[in-house]
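Quick note: the sequence shown uses the working numbering, first residue 31, plus one each step.
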Amino acid sequence: MEQLLSSFKSGYAAIIGLPNVGKSTLLNTLLNIKLSIVSSKPQTTRRRVLGILNKENYQVIFLDTPGILTPRYELQKRMMAQLQAALNDADLLILMVDVMNAHHPVHLNLEEINPQQKPVLLLFNKIDRIEKAGLLTLMDGYNRFYPFKAMIPISALNGDGVDEAEQEIIKLLPEHPPYYPPDVLSEHPERFFVAEFIREKIFEQYFEEIPYATEVVIEEFKERSRGKTYIRANILVERKSQKGIIIGKGGKALRDAGQEARQEIEALLGHPVFLDLQVKVQENWRKDRIKLNRLGY
Ligand code: GDP
Ligand code: MG
């Protein structure tokens, strides 16, 4: 009994890397559930999404950090602060690089962002898109760059190498009793994921600056024992012209985005949903500290 208890491992792993390297995809593959939004456009993971992997002998709590960015807007500064917070909480760091876009290893200063020298695991992602010879050269370059605990080639998308990555993560976890009960998937309430799904549809459906000028706020979330769950969400934009684009001709664009978001929300909640989407203009929400605070950044 004593031995069983002491052999349990649990800890926090922060997934770091440039925008678009596949951090959210990895989290989704590891947890086998769609928690963090995935987008082909960079910088969509604004908040610290936390997913929990529960197995018989271990529990890994993943911090999906926003991409490492140069602060430009006030919003991006907040994202950097969240990145730092995630690193402080972490027992280990998982650095992800995209093999299609990783010829130069010195894109971030690991000594600077990891002064406590927590163990760093390096994952080369998207190996489904590169020849083996190129990969070996790349791994050699990174090997000289930093004393990584391990370097593992993976495809977060098709799952190749992900089990091996999981085993390496477990090796680096401290022995510790579980932090959360085993049935807890995430600390975030359901409404957080509902907002993320709506945001994901906006990223898929609109172009150029529109997705970046948009925020989603859940205003009402009423679960009814019978019938549909009623969810009312405001889509905030910065300018009136953006509102027109989001709504689209005869409201079609918004209806399409809403319908797709609703289907995903229903899959997550496991029951039918009435999704009421409204578009509101809130000038300069990205730059305005008070408004950012109200939105929970
Ligand atoms: P994040 O910004 O780091 O969270 O990156 P995402 O997880 O949102 O992924 C960015 C894009 O890369 C999406 O279009 C993913 O489908 C794609 N992607 C992620 N992992 C892989 C992979 O292993 N192989 C390929 N081919 N694409 C991937
Ligand atoms: Mg992401």
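Yeah, the Cβ is synthetic: ideal placement off N, Cα and C, and Gly gets one too.
- Residue pairing by DSSP places S40 opposite Q89 in a beta bridge.
- Per DSSP, E198 is not a residue of any beta strand (DSSP E); the alpha helix (DSSP H) it occupies stretches across 192-202.
- Between P207 and G41, the alpha-carbon positions lie close to 9 Å from each other.
- Residue environment: N139 is assigned as exposed (fewer than 16 neighbouring CB atoms within 10 Å of its CB, all protein chains considered).
- Taking the Cα of L117 as reference, the smallest distance to any Cα among M126, D128, V127, P145 is reached at P145.
- Between the beta-carbon of I275 and that of Y236 there is about 7 Å, and that keeps the pair under the 8 Å contact cut.
- Secondary structure of L187 (DSSP, three-state): coil.
- Contact fails between the region 251-259 and the region 277-286, because fewer than three Cβ pairs, one in each stretch, are under 8 Å apart.
- Counting along the chain, I265 sits inside the beta strand (DSSP E) bounded by residues 259-267.
- Q146 sits in coil when the DSSP states are folded into three classes, being neither helix nor strand.
- Going by C-alpha positions, L202 is about 12 Å away from Q89.
- When the five nearest sequence neighbours on each side are left out, the beta carbons in the same chain lying within less than 8 Å of the beta carbon of I184 are those of L56, L153, F154, N155, I157, D190, G191, V192, E194, A195, in order along the chain.
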